[in-house]
């Protein structure tokens, strides 16, 4: 795919979203990340779980680096619990996001998972990395910057749990 699906203010780009099998491998770049799009329907409106990252000073999807010996799914479950307090093992695999990042234009992939919950989660406690969580409807202004690459990934991942 030429061009970017989305670009943020730092110049990072989401260049592709591959709806392939979870076991797929890519030879052009590593897959060091796992991200989770958690959706909750409230008053006929879907809301996406976002976390406020203290370091990047923005709202983003829960997720992070895959630890040595971890599968992407295990990393997604762990990161979701660490960043939001939500415990969920039944994540649906949505696909692989391809990014081009930083001034060095480094390519990498993220395994993206999705989950629909019936009630908003309230077991969050702020920690060193995450200051807050929120359920965002995609239009209501948030206090602080929202990572637009993650918002698009959340919408793309929602298809894995639709129906």
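In the numbering used here, the protein residues as written are 4 to 166.
Where is the CB? At the ideal position from N, CA and C, for every residue including glycine.
These figures come from a predicted structure and were not determined experimentally.
- Less than 9 Å divides the Cβ of residue 16 from the Cβ of residue 103.
- Shown here, residue 157 sits in a helix according to DSSP, grouped into three states.
- CA-CA distance, residue 159 to residue 9, rounds to 12 Å.
- Using a Cβ-Cβ distance cut-off of 8 Å, the segment 42 to 62 and the segment 120 to 137 are in contact, since at least three pairs of beta carbons, one from each stretch, lie closer than that value.
- Here residue 79 is near residue 94, since their CB atoms are less than 9 Å apart.
- Residue 30 is classed as exposed because its beta carbon has fewer than 16 other beta carbons within 10 Å across all chains shown.
- Of the residues assessed, residue 101 falls on the buried side of the cut-off, its CB having 16 or more other CB atoms within 10 angstroms.
- Excluding five sequence positions before and after residue 7, the CB atoms of its chain that fall closer than 7 Å to its own CB belong to 16, 17, 18, given in chain order.
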